[in-house]
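There are 2 protein chains.
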Amino acid sequence: MNLSTEDIKVHLLKHNIKPSYHRVAILRCLLSNKDHPSVDKIYNELVKEMPTLSKTTVYNTLSLFCGVNIVRVITIEENETRYDGDVSDHGHFKCEKCKTIYDFQIKSLDFEIDDLSGFKINEKNVYYKGICPKCLNNK
Amino acid sequence: MNLSTEDIKVHLLKHNIKPSYHRVAILRCLLSNKDHPSVDKIYNELVKEMPTLSKTTVYNTLSLFCGVNIVRVITIEENETRYDGDVSDHGHFKCEKCKTIYDFQIKSLDFEIDDLSGFKINEKNVYYKGICPKCLNNK
DNA sequence: AATAAATTTGTAATGATTACAATTTTATAA
DNA sequence: TTATAAAATTGTAATCATTACAAATTTATT
Numbered sequence: 032m033n034l035s036t037e038d039i040k041v042h043l044l045k046h047n048i049k050p051s052y053h054r055v056a057i058l059r060c061l062l063s064n065k066d067h068p069s070v071d072k073i074y075n076e077l078v079k080e081m082p083t084l085s086k087t088t089v090y091n092t093l094s095l096f097c098g099v100n101i102v103r104v105i106t107i108e109e110n111e112t113r114y115d116g117d118v119s120d121h122g123h124f125k126c127e128k129c130k131t132i133y134d135f136q137i138k139s140l141d142f143e144i145d146d147l148s149g150f151k152i153n154e155k156n157v158y159y160k161g162i163c164p165k166c167l168n169n170k
Numbered sequence: 032m033n034l035s036t037e038d039i040k041v042h043l044l045k046h047n048i049k050p051s052y053h054r055v056a057i058l059r060c061l062l063s064n065k066d067h068p069s070v071d072k073i074y075n076e077l078v079k080e081m082p083t084l085s086k087t088t089v090y091n092t093l094s095l096f097c098g099v100n101i102v103r104v105i106t107i108e109e110n111e112t113r114y115d116g117d118v119s120d121h122g123h124f125k126c127e128k129c130k131t132i133y134d135f136q137i138k139s140l141d142f143e144i145d146d147l148s149g150f151k152i153n154e155k156n157v158y159y160k161g162i163c164p165k166c167l168n169n170k
């Protein structure tokens, strides 16, 4: 995605978040990288340009973003939380070898039977695990 | 479910796992409780009957079971892994209030478009989050 | 009964996340 | 502009689930 700083600021302001330098950088990182980065990945990428960055800020900012639904948490493996700047409904495929997370489209997310009548559904998640084509070839 | 010790032993042996006392107890716990317990829950339930039980054993045993696919990991929240003795394809709904995990049936798990041709899919997971009917009423 | 193999245990290490107080930056009011 | 308050960021320490690992126990084999 080719997002200007201005676009990102507007996006944040729409959700009543003051677009500080750090916040813009973190959101840009999530919107431009489609690789569903971990906190560590984001931190390491940004700390190059902003040496004073603290990992706590990355954590704080991401949970701020999640709270207003401009970012989503991807919980696939227990030990590593990943984040997604794309909040539209879609599935994730995580390669068990290279740990890459791929997106995939889902025909329809209305596939449950009536088991859940009476439940208030806030969030739907679909993820697969397996081996990606790249790793299937490289063995 | 009304499973005899004998049934459980046979089930384990089918997967080349020696049915030790602890293993049988842990598997029984998962098969009879439909509440998708955490390690802690399993440990606390079993330690009453077997006071020497170690939490490490619960961890070891569960990963042994997962390795041969008689138990599945449910990763919904980052901070608490839950386990499921039902390995058939179905979805999970986790109540954000009471933390209960409910099962629900899925019409079909073949809902991805062809995005994943060339991928080797080992595992499909669907989970929702929200508020269960019980908690919706109790506010 | 002696030995080897498998299982279980308990403690310590790991590592991601959170709590929190201190510091810095930004906004507001005099 | 300067002083003051509010918000954002930082850094360190605490938390807590999970794992590593070596010792102890149990089970199987000779």
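Taken in order, these protein sequences are the chains called Y and W. Taking the working numbering, the leading residue of the first sequence gets 32, the next gets one more, and so forth. Taking the working numbering, the leading residue of the second sequence gets 32, the next gets one more, and so forth. Backbone N, C-alpha and C define an ideal beta-carbon position, used for all residues, glycine too.
List the residues of chain Y that W:P164 touches, going by C-beta distances under 9 Å, in chain order.
Within the second sequence, the letter at position 133 stands for residue 164 of chain W. Residues of chain Y passing the Cβ test: S148, G149, F150, K151.
DSSP state of W:F135, grouped into three classes?
Here residue 135 of chain W refers to the residue found at position 104 when the second sequence is read from its first residue. Strand, per DSSP.
Is there at least one Cβ from chain Y nearer than 8 Å to W:T112's Cβ?
Taking the second sequence and counting its residues from 1, one reaches residue 112 of chain W at position 81. It does; some Cβ of chain Y falls within 8 Å.
Provide the residue span of the beta strand (DSSP E) that contains Y:H123, from first to last.
Taking the first sequence and counting its residues from 1, the one referred to as residue 123 of chain Y is at position 92. Residues 122-126.
Along the chain, where does the beta strand (DSSP E) containing Y:E37 start, and where does it finish?
Working through the first sequence from its first residue, we reach residue 37 of chain Y at position 6. Run containing Y:E37: none in the beta strand (DSSP E); it sits in the alpha helix (DSSP H), 36-45.
With a threshold of 16 other CB atoms inside 10 Å of the CB of W:N84, please say whether the residue is buried or exposed.
Taking the first residue of the second sequence as position 1, residue 84 of chain W is located at position 53. It is Leu, not Asn, that sits at residue 84 of chain W in the sequence shown. Flag for W:L84 reads buried.
For chain W, check one thing: does any of its Cβ atoms lie closer than 8 Å to the Cβ of Y:V29?
The structure shown does not extend to residue 29 of chain Y, since chain Y is modelled only from 32 to 170, so the question has no answer here.
Here's the rule: buried if 16 or more other CB atoms are within 10 angstroms of the residue's CB, otherwise exposed. What is W:L93?
For this step, residue 93 of chain W is matched to residue 62 along the second sequence. Buried: at least 16 other Cβ atoms inside 10 Å.
Candidates W:F150, W:D66, W:H42: which alpha carbon is nearest W:D115's?
Within the second sequence, residue 115 of chain W is the residue found at index 84, counting from 1. Ranking W:F150, W:D66, W:H42 by Cα distance to W:D115 puts W:D66 first.
Check Y:T88 in the structure and name its three-state DSSP category.
To locate residue 88 of chain Y, count along the first sequence from 1; it is residue 57. It is helical.
Hey, is the region 97-110 of chain W in contact with the region 106-115 of chain Y, meaning 3+ C-beta pairs nearer than 8 Å?
Touching, per the Cβ criterion.
Give every residue of the same chain whose Cβ lies closer than 7 Å to the Cβ of W:E76, excluding the five residues on either side of it in the sequence, and list them in chain order.
Indexing the second sequence from 1 puts residue 76 of chain W at position 45. If we look at W:E76 and ignore the five residues flanking it on each side, its Cβ neighbours are C60.
Taking contact to mean at least 3 C-beta pairs separated by less than 8 Å, is the region 123-130 of chain Y in contact with the region 122-140 of chain W?
Result no; under three Cβ-Cβ pairs closer than 8 Å.
Once DSSP output is grouped into helix, strand and coil, what is the label at W:G149?
The residue you call residue 149 of chain W lines up with position 118 of the second sequence. DSSP places W:G149 in coil when its eight states are reduced to three.
Among residues of its own chain, excluding the 5 on either side of Y:S69, which ones have a beta-carbon nearer than 6 Å to its beta-carbon?
Here residue 69 of chain Y refers to the residue found at position 38 of the first sequence. Only E111, R113 meet the Cβ criterion.
According to DSSP, what are the bridge partners of W:R113?
Locating residue 113 of chain W in the second sequence gives position 82, where the first residue counts as 1. W:R113 pairs with W:S69, W:I105.
Quick check on the DSSP output: the alpha helix (DSSP H) that includes Y:P82 runs from which residue to which?
Indexing the first sequence from 1 puts residue 82 of chain Y at position 51. First-last for Y:P82: undefined, no H or E at that position.
Out of Y:N100, Y:P164, Y:I73, Y:Q136, which has the shortest C-alpha to C-alpha gap to W:D145?
What you label residue 145 of chain W is simply residue 114 of the second sequence in a count that begins at 1. Selected option, being the one with the closest Cα: Y:Q136.
Starting from W:C129, trace the alpha helix (DSSP H) in both directions and tell me its first and last residue.
On the second sequence, residue 129 of chain W is found 98 positions in, with the first residue counted as 1. From DSSP, W:C129 is part of no alpha helix (DSSP H); its letter is neither H nor E.
Taking the alpha helix (DSSP H) that W:P164 falls in, what are its first and last residues?
Reading the second sequence from its first residue, position 133 is the one you call residue 164 of chain W. Note, W:P164: alpha helix (DSSP H), 164-168.
Do Y:F150 and W:P82 have their C-beta atoms within less than 8 Å of each other?
As a working mapping, residue 150 of chain Y is identified with position 119 in the first sequence. As a working mapping, residue 82 of chain W is identified with position 51 in the second sequence. Contact: no.
Pick from W:I101, W:C166, W:D71: whose alpha carbon is nearest that of W:I48?
On the second sequence, residue 48 of chain W is found 17 positions in, with the first residue counted as 1. Nearest option by C-alpha distance: W:I101.
Give me the Cα-Cα distance between W:V104 and Y:E37, rounded to the nearest whole angstrom.
Along the second sequence, read from residue 1 onward, the residue named residue 104 of chain W stands at position 73. Along the first sequence, read from residue 1 onward, the residue named residue 37 of chain Y stands at position 6. Distance between the alpha carbons of W:V104 and Y:E37: 43 Å.
Against chain Y, does W:T88 count as a neighbour if the rule is that its beta carbon must be under 8 Å from one of theirs?
To locate residue 88 of chain W, count along the second sequence from 1; it is residue 57. Not an interface residue.
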